[in-house]
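So the structure is just underneath, and the comments pick up after that.
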Amino acid sequence: MARRGKDSDRRFGDDPMARRRLRCAVYTRKSSDEGLEQSFNSLHAQRDACEAYVASQKHEGWMLLPQAYDDGAYSGGSMNRPALQRLLDDIRSGLIDIVVVYKVDRLTRSLADFAKLTELFDANGASFVSVTQAFNTSTSMGRLTLNVLLSFAQFEREVAGERIRDKIALSKRRGMWMGGLPPLGYDGIDKKLVVNEPEADTVRQIFHRYLKLGSIAALKQHLDASGVVSKRRRFSDGREVGGVSLSRGALYQILRNRLYRGEIAYRGEVHQGNHEAIVDEDLWSQVQDLLIAQSQRKRSAPQHPDDNGAGQRYREPALLAGLVFDEQGNRLTPTYATKRGRRYRYYVSAPLTRGERNADGIRVPAPDLEALVAETLERYLSDGSWVCEHFGAGLDATQLERLVAAAGNLANRIASPASETEGDVASRSDEGLRSLIARVMVGKQRLALEVDEKCVVEALEEIDRGLVQVDVREEAIPIEVEAHTLRCGKQTRLVVGDVETEHRSPDPKLVKLVADAHRWFDDLRTGRRATIAEIAANANQQVSHVSRTIGLAFLAPDIAKMILMGSQPISLTPERLKANRPLPLEWNEQRVILLP
9 MARRGKDSDR RFGDDPMARR RLRCAVYTRK SSDEGLEQSF NSLHAQRDAC EAYVASQKHE
69 GWMLLPQAYD DGAYSGGSMN RPALQRLLDD IRSGLIDIVV VYKVDRLTRS LADFAKLTEL
129 FDANGASFVS VTQAFNTSTS MGRLTLNVLL SFAQFEREVA GERIRDKIAL SKRRGMWMGG
189 LPPLGYDGID KKLVVNEPEA DTVRQIFHRY LKLGSIAALK QHLDASGVVS KRRRFSDGRE
249 VGGVSLSRGA LYQILRNRLY RGEIAYRGEV HQGNHEAIVD EDLWSQVQDL LIAQSQRKRS
309 APQHPDDNGA GQRYREPALL AGLVFDEQGN RLTPTYATKR GRRYRYYVSA PLTRGERNAD
369 GIRVPAPDLE ALVAETLERY LSDGSWVCEH FGAGLDATQL ERLVAAAGNL ANRIASPASE
429 TEGDVASRSD EGLRSLIARV MVGKQRLALE VDEKCVVEAL EEIDRGLVQV DVREEAIPIE
489 VEAHTLRCGK QTRLVVGDVE TEHRSPDPKL VKLVADAHRW FDDLRTGRRA TIAEIAANAN
549 QQVSHVSRTI GLAFLAPDIA KMILMGSQPI SLTPERLKAN RPLPLEWNEQ RVILLP
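Residue numbering for the sequence shown follows the working numbering, beginning at 9 and increasing consecutively.
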């Protein structure tokens with residue numbers, strides 16, 4: 009039965025000619041896209057039934073409008089449907105008098121949405137008719153019947169939604185792919201992910217190149233230059249999409265997509281998938297370590313003022329993330345600790361980060377390791393004989409000279425910070441240091457580098473484009489140096505031969521301890537301060553700290569000189585000196601305690 013608003017009754021009154029001008033719009037909806045491609049589907053069946061009903065009411069003045077309002081593959085739980093929105097716009101414009109539907113739930117399955125529609129119909133003098141359900145909404149009992157029916161329709165939709173969600177969760181726990189658009193590297197065949205080998209090679213290239221370049225921006229630039237594009241897709245309606253440059257966001261999604269590891273992720277859980285993996289565990293872990301390290305850098309990079317007093321971010325990335333291993337083959341993961349607002353970065357063996365009992369591994373300061381790798385590579389690239397031995401095969405004297413000059417230029421780039429405001433080792437990453445290193449092994453007595461020969465050659469040819477093409481064996485060039493990881497108090501230091509002592513500056517903390525001791529003792533000796541408590545109050549220090557430190561004024565002269573010159577043993581740290589306070593007055597006893 010037709011439902012009319014009061015305004016509609018007043019507008020048409022009892023004039024039979026006016027009754028013949030009731031404009032009727034048919035609205036149809038189907039929740040899924042199943043069968044929509046057929047020549048006669050559910051939408052057609054609904055429309056035929058509605059049109060027949062309108063024709064049967066011709067004597068009442070009903071007239072069918074030619075416009076089609078069909079929503080295929082849209083849920084009744086939402087008002088966000090294109091055809092429904094067009095229908096409502098036409099009602100607001102006064103173009104429709106009656107809306108004809110096959111069932112009420114075709115219009116909506118939400119009681120709240122139905123209340124909004126009813127209010128809109130009444131406000132614009134429109135009515136609605138359900139072909140298969142007779143309603144008289146002008147009475148309270150009719151409205152109650154309709155509301156109860158809609159309540160059950162909404163309940164049915166919610167139960168169906170829960171059932172679908174439970175099915176998806178169970179299927180994903182079993183490693184099943186639940187459909188959708190397959191990512192680059194896979195095709196969806198028989199509801200399964202099947203590896204597309206040409207695209208899979210592209211995915212592996214993206215992972216490997218990201219490790220070499222160390223940043224998404226550099227990766228995108230390289231892929232754009234190489235002509236790498238997104239997955240091309242062709243739909244049943246003939247539309248073609250894809251085949252465009254990969255955005256930075258798309259690259260992040262690729263590098264984090266666990267499907268490439270052969271896994272299915274669902275609501276924070278990861279399950280083994282039924283499809284074949286494209287990248288192996290080692291490559292996947294290296295990439296994730298680097299992504300995490302870069303993410304931590306962006307979130308926590310502190311501010312420091314530049315010359316103009318403006319805040320400027322400085323970078324502190326894990327330069328070697330994903331490339332460092334210990335002697336047991338465990339990857340060293342970038343991590344950090346914060347003390348008194350200052351961040352201390354480390355590379356730590358994976359078993360130690362997992363808290364395994366009796367785990368054997370190492371933990372080295374990141375700045376020490378990064379500086380050592382950079383200095384080692386710089387030293388070898390500056391060695392003309394080493395450069396000629398590994399890259400000069402088949403070159404004449406002139407070309408060898410140019411090769412050595414280009415290698416020296418590359419060494420200078422590695423040694424020099426990227427800018428004056430970025431003087432830390434991390435800034436070397438902009439100069440391609442990371443791309444030149446294939447692997448770093450840190451042992452308790454040695455450091456082994458594997459230099460990527462192909463990347464070095466590419467860097468040399470970029471510096472001097474006049475170089476004759478160098479033969480590349482695409483093998484890693486090994487470099488090994490003597491190195492020791494020493495435990496010094498609570499710290500671990502990386503010591504390399506005599507390099508550590510040659511270039512080491514005086515430790516400011518050690519120097520301050522000795523200087524404070526002499527100044528405080530001089531205050532007591534001259535009478536400027538009467539007591540240790542007065543000295544502590546003036547220096548804003550604890551009395552216990554002053555009383556234990558003041559004895560360092562009687563440190564053996566040779567030890568004090570070492571500290572001031574920076575030539576003390578690496579094991580003599582501020583922590584060790586503090587831990588041994590108060591020292592005996594005998595200098596020989598001090599030497600036994602502090603010197604190896």
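From the three backbone atoms N, C-alpha and C, an ideal C-beta is built for every residue, glycine too.
query = Are the CB atoms of Pro-333 and Met-449 nearer to each other than 7 angstroms?
reply = Along the sequence shown, read from residue 1 onward, the residue named residue 333 stands at position 325. Along the sequence shown, read from residue 1 onward, the residue named residue 449 stands at position 441. Note that residue 333 is Phe in the sequence shown, not Pro. Their beta carbons are under 7 angstroms apart, which means Phe-333 touches Met-449 by this criterion.
key: Alpha-carbon to alpha-carbon, Ile-601 and Arg-584   = Indexing the sequence shown from 1 puts residue 584 at position 576. Indexing the sequence shown from 1 puts residue 601 at position 593. Rounded to whole angstroms, Arg-584 to Ile-601 spans 10 angstroms at the Cα level.
task = Pull up the DSSP beta-bridge partners for Met-449, would you.
result = Against the sequence shown, residue 449 aligns to sequence position 441. Phe-333 and Ala-456, per the DSSP bridge assignment.
ask   = Does DSSP put Gln-549 in a helix, a strand or coil?
value = Here residue 549 is taken as the residue at index 541 of the sequence shown, counted from 1. Looking at Gln-549 - three-state DSSP - the assignment turns out to be coil, as it is neither helix nor strand.
message = Out of Ile-262, Ala-177 and Met-186, which one is the CA nearest neighbour of Arg-217?
response = Within the sequence shown, residue 217 is the residue found at index 209, counting from 1. The candidate whose alpha carbon is nearest that of Arg-217 is Ile-262.
request  = Would you please state the rounded distance, in angstroms, between the beta carbons of Pro-342 and Ala-301? I believe it to be under 8 angstroms.
outcome  = Against the sequence shown, residue 342 aligns to sequence position 334. Against the sequence shown, residue 301 aligns to sequence position 293. Contact between Pro-342 and Ala-301 holds, since their C-beta atoms are separated by about 4 angstroms, short of 8 angstroms.
ask   = Touching or not, the stretch 348-360 and the stretch 457-475, by the rule of three or more beta carbon pairs under 8 angstroms?
value = Fewer than three Cβ pairs drawn from the stretch 348-360 and the stretch 457-475 lie within less than 8 angstroms of each other, which leaves the two stretches out of contact.
Leu-572 versus Lys-517 - alpha carbon distance = Start at 1 with the first residue of the sequence shown, and residue 572 comes out as number 564. Start at 1 with the first residue of the sequence shown, and residue 517 comes out as number 509. Spanning the two alpha carbons is a distance of roughly 11 angstroms.
request  = Could you check what DSSP says for Trp-185 in three-state terms: helix, strand or coil?
outcome  = Here residue 185 corresponds to residue number 177 of the sequence shown, with the count starting at 1. Three-state result, Trp-185: coil.
message = I'd like to know whether the C-beta atoms of Tyr-344 and Leu-377 end up nearer to each other than 7 angstroms.
response = As a working note, residue 344 is residue 336 in the sequence shown. As a working note, residue 377 is residue 369 in the sequence shown. Taking 7 angstroms as the cut-off, the Cβ atoms of Tyr-344 and Leu-377 do not count as close.
request  = Starting from Ile-197, follow the beta strand (DSSP E) in both directions and report where the run begins and ends.
outcome  = Your numbering for residue 197 matches position 189 in the sequence shown. In the DSSP annotation of this structure, the continuous segment of the beta strand (DSSP E) that includes Ile-197 starts and ends at 194-197.
Spatial distance of Arg-181 from Gly-187 (CA atoms) = Residue numbering aside, residue 181 sits at position 173 when the sequence shown is read from its first letter. Residue numbering aside, residue 187 sits at position 179 when the sequence shown is read from its first letter. Near 15 angstroms, if we compare the C-alpha coordinates of Gly-187 and Arg-181.
inquiry  = Ignoring anything shorter than 3 residues, give me the beta strand (DSSP E) runs that lie fully in the stretch 53-78, in order along the chain.
reply    = Segments of the beta strand (DSSP E) lying fully in the stretch 53-78: 70-72.
request  = Measure the CB-CB distance between Ser-83 and Ser-39 and report whether it falls below 7 angstroms.
outcome  = Here residue 83 refers to the residue found at position 75 of the sequence shown. Here residue 39 refers to the residue found at position 31 of the sequence shown. Yes, these two residues count as a Cβ contact at 7 angstroms.
ask   = Roughly how many angstroms lie between the CA atoms of Val-108 and Val-62, to the nearest whole one?
value = The residue labelled residue 108 in the question sits at position 100 within the sequence shown. The residue labelled residue 62 in the question sits at position 54 within the sequence shown. Looking at the two C-alpha atoms, the distance is approximately 8 angstroms.
ask   = Is the Cβ-Cβ distance between Leu-227 and Leu-219 less than 7 angstroms?
value = Here residue 227 refers to the residue found at position 219 of the sequence shown. Here residue 219 refers to the residue found at position 211 of the sequence shown. Between Leu-227 and Leu-219, the C-beta spacing is not below 7 angstroms.
query = From Ala-329 to Gly-270, what distance separates their C-alpha atoms?
reply = Taking the sequence shown and counting its residues from 1, the one referred to as residue 329 is at position 321. Taking the sequence shown and counting its residues from 1, the one referred to as residue 270 is at position 262. Going from the Cα of Ala-329 to the Cα of Gly-270 covers about 23 angstroms.
message = How far does the beta strand (DSSP E) with His-279 in it extend, from its first residue to its last?
response = Counting from 1 along the sequence shown, the entry for residue 279 is found at position 271. Its beta strand (DSSP E) spans residues 277-280.
request  = Confirm, please, whether the CB-CB distance from Ile-104 to Asp-98 is below 7 angstroms.
outcome  = Looking up residue 98 in the sequence shown gives position 90. Looking up residue 104 in the sequence shown gives position 96. Result yes, Cβ atoms of Asp-98 and Ile-104 sit closer than 7 angstroms.
task = Go through its chain and collect everything with a Cβ distance to Ala-326's Cβ below 6 angstroms, but skip five positions before and after it.
result = Stepping through the sequence shown from its first residue, residue 326 is reached at position 318. Apart from the 5 residues on each side of it in sequence, Ala-326 sits with its Cβ closer than 6 angstroms to the Cβ of Ala-301 and Pro-342 in its chain, given in chain order.
message = Output needed for Thr-116: all residues of its chain with C-beta closer than 6 angstroms, excluding positions within five of it in sequence on either side, in chain order.
response = Here residue 116 is taken as the residue at index 108 of the sequence shown, counted from 1. Excluding positions up to five away in sequence, the list reads Gly-84 and Phe-122.
task = Would you check if the distance between the CB atom of Glu-386 and the CB atom of Ile-445 is smaller than 7 angstroms?
result = Position 378 of the sequence shown, counted from the start, is the residue given in the question as residue 386. Position 437 of the sequence shown, counted from the start, is the residue given in the question as residue 445. No.
key: Buried or exposed by the 16-neighbour rule on C-beta atoms within 10 Å, applied to Pro-190   = Mapped onto the sequence shown, residue 190 falls at position 182. It counts as buried.
query = Roughly how many angstroms separate the alpha carbons of His-398 and Thr-384, rounded to a whole number?
reply = The residue labelled residue 398 in the question sits at position 390 within the sequence shown. The residue labelled residue 384 in the question sits at position 376 within the sequence shown. In this structure, the straight-line span from the alpha carbon of His-398 to that of Thr-384 is close to 16 angstroms.
query = What number of angstroms, rounded off, separates the C-alpha of Leu-389 from the C-alpha of Ala-419?
reply = Position 381 of the sequence shown holds residue 389. Position 411 of the sequence shown holds residue 419. Straight-line spacing of the CA atoms in Leu-389 and Ala-419 works out to 6 angstroms.
query = Which residue's Cα is closest to the Cα of Lys-199: His-283, Gly-80, Lys-586 and Val-295?
reply = As a first step, residue 199 is located in the sequence shown; it is residue number 191 there, counting from the start. Cα-wise, what sits closest to Lys-199 is His-283.
key: Burial state of Ala-233, where buried means 16 or more other Cβ atoms lie within 10 Å   = Residue numbering aside, residue 233 sits at position 225 when the sequence shown is read from its first letter. Flag for Ala-233 reads exposed.
ask   = Around the C-beta of Gly-246, are 16 or more other C-beta atoms found within 10 angstroms, so that it is buried, or is it exposed?
value = Taking the first residue of the sequence shown as 1, we reach residue 246 at position 238. So Gly-246 counts as exposed.
key: Residues sharing a beta bridge with Gly-80, DSSP   = Position 72 of the sequence shown holds residue 80. Per DSSP, Lys-38.
Backbone CA spacing between Ser-238 and Ile-485 [nearest angstrom] = What you label residue 238 is simply residue 230 of the sequence shown in a count that begins at 1. What you label residue 485 is simply residue 477 of the sequence shown in a count that begins at 1. About 34 angstroms.
query = Sorted by chain position, which residues of the same chain lie with C-beta nearer than 8 angstroms to Ala-81's C-beta, five sequence neighbours on each side aside?
reply = Your numbering for residue 81 matches position 73 in the sequence shown. The residues are Lys-38, Ser-39, Ser-40, Asp-41 and Leu-44.
message = I'd like the span of the alpha helix (DSSP H) that includes Ser-244, first residue to last.
response = Locating residue 244 in the sequence shown gives position 236, counting from the first residue. Under the DSSP assignment, Ser-244 falls outside any alpha helix (DSSP H); it carries neither an H nor an E label.
query = Helix, strand or coil for Ser-293 per DSSP?
reply = Taking the first residue of the sequence shown as 1, we reach residue 293 at position 285. If DSSP states are grouped into helix, strand and coil, Ser-293 belongs with the helices.
request  = Measure the alpha-carbon distance for Phe-129 versus Arg-173 and round it to whole angstroms.
outcome  = Within the sequence shown, residue 129 is the residue found at index 121, counting from 1. Within the sequence shown, residue 173 is the residue found at index 165, counting from 1. Going by C-alpha positions, Phe-129 is about 35 angstroms away from Arg-173.
ask   = What separation, rounded to the nearest whole angstrom, lies between the Cα atoms of Val-522 and Gln-549?
value = For the purposes of this step, residue 522 is taken as residue 514 along the sequence shown, with counting starting at 1. For the purposes of this step, residue 549 is taken as residue 541 along the sequence shown, with counting starting at 1. Near 15 angstroms, if we compare the C-alpha coordinates of Gln-549 and Val-522.
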